[in-house]
Amino acid sequence: MDGVTPFPGGDVMPPPAPLMHPVQDLRRAHRDPRVPAWPPARGVWWRRAAAFVPAVTTTGGLAWAFADWLSDGGMWWLEWVLLALVTATFFWVALSVATATLGLGCHLLHRRVGVRGAVPPLDVALVVPVYNEETADVFGNACAMMMALRDAGTAHRFDLYILSDTQDAAIALAERRALATLRRALPPGLRVWYRRRLDNSGRKVGNLRQWLETWGGAHDAMLVLDADSLMSAEAIVALADEMAADPGAGLIQTAPLVIGSETVFGRMQQFAAAVYGSLLSAGLAGWTGAESNYWGHNAILRTRAFADCAGLPRMPTLTRRRGALILSHDFVEAALLRRAGWAVRFLPGIGGSYEEPPATLIDYSLRDRRWCHGNLQHLALLGTRGLHVVSRFHLLHGAMSYLLSPAWFILLVIWALLGNGPDSVISYFSADNPLYPIWPEMSGVQSGMILLFMYAMLLAPKAMGALAVLLGEVPVARFGGAGRFAVSLVAEIVLSILFAPIMMVQQVVAVLRTVAGIRPMWSPQARKGGDYGAATVLKFHALETVSGLLLALGIAAGLVSLWLVPIAVSLGLAVPLSMLSGRRLARFMATPEMVDPPAILRLARASRAMFRAAETTPIAAE
65 MDGVTPFPGG
75 DVMPPPAPLM
85 HPVQDLRRAH
95 RDPRVPAWPP
105 ARGVWWRRAA
115 AFVPAVTTTG
125 GLAWAFADWL
135 SDGGMWWLEW
145 VLLALVTATF
155 FWVALSVATA
165 TLGLGCHLLH
175 RRVGVRGAVP
185 PLDVALVVPV
195 YNEETADVFG
205 NACAMMMALR
215 DAGTAHRFDL
225 YILSDTQDAA
235 IALAERRALA
245 TLRRALPPGL
255 RVWYRRRLDN
265 SGRKVGNLRQ
275 WLETWGGAHD
285 AMLVLDADSL
295 MSAEAIVALA
305 DEMAADPGAG
315 LIQTAPLVIG
325 SETVFGRMQQ
335 FAAAVYGSLL
345 SAGLAGWTGA
355 ESNYWGHNAI
365 LRTRAFADCA
375 GLPRMPTLTR
385 RRGALILSHD
395 FVEAALLRRA
405 GWAVRFLPGI
415 GGSYEEPPAT
425 LIDYSLRDRR
435 WCHGNLQHLA
445 LLGTRGLHVV
455 SRFHLLHGAM
465 SYLLSPAWFI
475 LLVIWALLGN
485 GPDSVISYFS
495 ADNPLYPIWP
505 EMSGVQSGMI
515 LLFMYAMLLA
525 PKAMGALAVL
535 LGEVPVARFG
545 GAGRFAVSLV
555 AEIVLSILFA
565 PIMMVQQVVA
575 VLRTVAGIRP
585 MWSPQARKGG
595 DYGAATVLKF
605 HALETVSGLL
615 LALGIAAGLV
625 SLWLVPIAVS
635 LGLAVPLSML
645 SGRRLARFMA
655 TPEMVDPPAI
665 LRLARASRAM
675 FRAAETTPIA
685 AE
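First residue of the sequence shown: 65, per our numbering; consecutive thereafter.
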């Protein structure tokens with residue numbers, strides 16, 4: 065079969081069971097007539113009001129206060145720009161706080177996920193698209209999940225497909241060895257399949273398209289996993305149960321926890337996800353209802369619904385006749401499923417879903433450049449016919465998550481120029497000069513109060529997350545004890561404050577690269593962290609370093625407010641902070657999964673070790 069690499073030892077793939085996967089017309093609304101009627105989620109409009117009304121009200125109040133201050137002596141065009149930037153950036157901060165507050169309310173109500181009664185069994189395919197990945201980790205995780213499912217005692221049937229787009233010949237050979245090892249390790253009756261595409265056109269979207277059009281018809285649902293994904297049998301079965309019980313669901317997404325990192329930056333992400341992420345997830349699930357989102361992995365999809373309704377066209381461009389791939393395809397696929405009438409649900413209450421974080425600040429930034437390019441494409445898709453308003457909001461939010469960084473950077477520059485009232489840079493240039501406005505004076509106390517208010521809003525979700533841990537079902541002992549939890553909490557807050565300005569500048573770079581038409585490279589993520597020397601780190605963070613030094617000079621000269629010292633320190637120390645991000649620490653920011661690893665994680669570690677030991681086995685001896 066085209067694109068399949070044969071190997072010694074038996075069959076490669078099952079008999080074909082093709083599905084049509086038509087490309088969708090974005091200019092014409094489409095509704096799938098086979099979607100069963102289902103009632104809308106009860107109370108979703110109240111939950112949406114609970115999230116958006118406080119966000120809009122708080123943003124309006126801040127905008128009114130700024131307008132009142134800036135209008136002293138009239139409003140100049142640059143003052144209107146400042147007001148617009150403050151309003152636009154603060155709304156998303158306020159929405160995050162409101163979402164976390166809604167999540168805290170749901171958390172305190174102990175809302176649980178569960179399916180009552182018997183559900184019809186599903187035939188589910190676990191599909192793992194890979195591209196030049198660490199073979200032992202991919203096959204080790206897959207082996208652990210299949211072994212766990214064997215003991216789960218469920219009526220659902222699960223097949224595993226490793227869908228390789230690997231182009232490196234050495235890694236491809238390692239995958240063939242790993243498949244032979246996997247088949248020897250699994251007991252009879254567990255079906256695992258492997259195919260390698262020789263032409264990996266379309267990247268991940270093309271990989272899944274080829275699977276759908278060849279074998280998708282044999283399965284009721286597909287559970288899409290990333291190369292670093294790991295899910296417990298309980299989580300997989302729960303997703304299958306939920307889809308079987310809800311015939312109107314086209315996609316059900318879990319909230320993966322971050323695990324497996326040994327670096328400062330990775331541990332910071334793990335701890336933040338464990339403490340704060342659950343509230344944001346609960347709040348997001350509360351107000352999205354049946355119009356949730358998709359993050360491309362650790363989610364179950366109804367196979368025929370996805371094949372019929374989520375085929376992606378190419379983006380029109382001025383330079384390429386065929387058009388460009390839609391890179392952040394998952395958001396768009398969720399929107400198209402919902403457009404066709406299928407429910408897209410987010411169930412963060414299903415535990416046992418895991419992924420790995422970028423190990424260093426540079427690895428995070430490189431991944432961000434790829435995501436930025438794809439998310440900014442969403443702006444051109446906002447006019448797609450027939451999309452639900454919440455789906456459009458997800459697309460806008462994805463783009464704004466990157467556009468906010470240039471807005472924050474411009475605000476930082478303006479704030480630095482406003483500086484110390486009459487001694488500021490902008491006051492110096494505007495004195496007796498009709499080309500510049502007469503800026504209203506802001507005292508150091510006023511400037512500090514505004515910054516403190518902003519910091520309080522940014523830190524509010526973290527405070528609510530810590531409160532939820534103290535009031536929740538997971539005892540603090542699972543974070544290493546009260547003392548260790550408190551130290552970890554303070555360390556995460558300090559590190560997040562230090563890293564945030566650097567990440568802001570890196571996202572500015574990502575946006576500028578996208579606007580300039582610089583395409584991101586399609587390369588596997590350095591999941592264990594790249595090995596970066598001082599010269600490489602200095603080159604990578606040159607813009608932050610220069611910005612921090614200029615800001616520090618302005619503070620030293622008395623032209624810039626002292627309240628910007630933390631930002632100047634962060635940017636000026638970008639190089640040592642970036643090198644610190646990759647330091648490996650054995651006991652730092654403990655999470656429940658570190659203190660008491662779940663059974664699936666222990667099984668996966670043992671499976672990975674088995675595959676690493678088998679990597680040197682000659683293929684002829686298998």
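Where a beta carbon is used, it is the ideal one built from N, C-alpha and C, also for glycine.
Bear in mind that the values here come from a model prediction, so they are computed numbers and not experimental data.
Presumed contact (8 Å Cβ cut-off) between residue i and residue j, rounded CB distance
i, j, result
"Ile631", "Leu149", "Not confirmed; about 16 Å, so no contact."
"Thr278", "Glu239", "About 19 Å; that fails the 8 Å criterion."
"Asp229", "Pro185", "In fact, because the Cβ distance is near 31 Å, the residues do not count as touching under 8 Å."
"Leu172", "Leu534", "Leu172 to Leu534, Cβ: 12 Å. No contact."
"Met164", "Pro525", "Contrary to the premise, residue 164 reads as Ala rather than Met in this sequence. With 8 Å as the limit, Ala164 and Pro525 qualify as a contact, their Cβ atoms being about 4 Å apart."
"Glu657", "Leu348", "22 Å between Cβ atoms; not a contact."
"Phe329", "Leu425", "6 Å"
Residue i - partner residues in DSSP beta bridges
i, result
"Val194", "Ser228"
"Glu355", "Val408"
"Val288", "Val191 and Ala363"
"Ser417", "Met295"
"Gln317", "Ala363 and Phe410"
"Arg221", "Asp187"
"Val87", "Gly375"
"Ala259", "Before going on, a small fix: residue 259 reads as Arg here, not Ala. DSSP, once it has assigned bridges, lists Leu227 as partnering Arg259."
"Thr327", "Arg648"
"Ala322", "Per the sequence shown, residue 322 should be read as Val rather than Ala. BP columns for Val322 point to Glu419."
"Ala471", "Note: Ala471 sits in no beta bridge, so no partner."
"Ala388", "Met379"
Nearest-angstrom Cα separation, counted from residue j out to residue i
i, j, result
"Leu516", "Leu276", "52 Å"
"Ala480", "Met568", "16 Å"
"Ser455", "Ala398", "8 Å"
"Ala685", "Ala249", "Any reading at Ala685 needs caution, since the residue's pLDDT is 43, under 50, leaving its predicted position unreliable; the model's value is listed next. Approximately 16 Å between the Cα atoms of the pair."
"Ala302", "Leu391", "29 Å"
"Gly597", "Arg648", "15 Å"
"Arg669", "Arg676", "11 Å"
"Val554", "Gly545", "14 Å"
"Arg672", "Leu227", "19 Å"
"Asn196", "Gln333", "25 Å"
"Ala319", "Trp359", "9 Å"
"Leu531", "Gly350", "19 Å"
"His361", "Gly270", "15 Å"
"Val575", "Trp472", "13 Å"
"Val579", "Gln570", "14 Å"
"Leu213", "Ala206", "11 Å"
"Thr153", "Ala113", "20 Å"
"Gln274", "Pro79", "14 Å"
"Glu419", "Leu294", "6 Å"
"Gly281", "Leu468", "42 Å"
"Leu615", "Ala550", "32 Å"
"Ala599", "Leu626", "31 Å"
"Pro470", "Val572", "5 Å"
"Arg241", "Ala663", "26 Å"
"Asp215", "Val477", "59 Å"
"Ser417", "Leu376", "27 Å"
"Pro584", "Ser265", "16 Å"
Minimum C-alpha distance to residue i - residue among the options
i, options, result
"Leu262", "Arg402, Arg91, Ala236 and Ala524", "Ala236"
"Ala304", "Arg331, Ala346, Leu321 and Thr367", "Thr367"
"Gly529", "Trp110, Trp141 and Leu166", "Leu166"
"Val659", "Ala524, Arg548 and Val99", "Arg548"
"Ser611", "Ala527, Ser634 and Arg434", "Ser634"
"Gly767", "Ala621, Trp128 and Ala297", "Here the chain covers residues 65 to 686 and nothing more, so residue 767 does not appear."
"Ala182", "Ala219, Asp215 and Met210", "Ala219"
"Ser345", "Pro656, Ile414 and Ala404", "Ile414"
"Leu37", "Gly353, Ala620 and Gly450", "Because the chain in this structure spans residues 65 to 686, residue 37 falls outside the shown range and cannot be described."
"Met33", "Thr151, Trp144 and Val477", "The structure shown does not extend to residue 33, since the chain spans only 65 to 686, so no value can be given for it."
"Ser642", "Val629, Phe604 and Leu613", "Phe604"
"Ile364", "Gly387, Gly341 and Asp394", "Asp394"
"Trp128", "Ala234, Trp110 and Leu147", "Leu147"
"Gly646", "Met464, Val629, Thr327 and Thr609", "Thr327"
Open item on the list: With a threshold of 8 Å, are at least 3 pairs of Cβ atoms found where one atom belongs to the stretch 183–194 and the other to the stretch 284–304?
Closed with: yes
TODO: Pair every Cβ in the stretch 153–171 with every Cβ in the stretch 120–136, then say whether three or more of these pairs are closer than 8 Å.
DONE: yes
Open item on the list: For the structure I just gave you, are there three or more beta carbon pairs, one from the stretch 406–426 and one from the stretch 308–318, closer than 8 Å?
Closed with: yes
Open item on the list: Contact between the stretch 371–378 and the stretch 78–90 is defined here as three or more beta-carbon pairs at a separation below 8 Å; is this criterion met?
Closed with: yes
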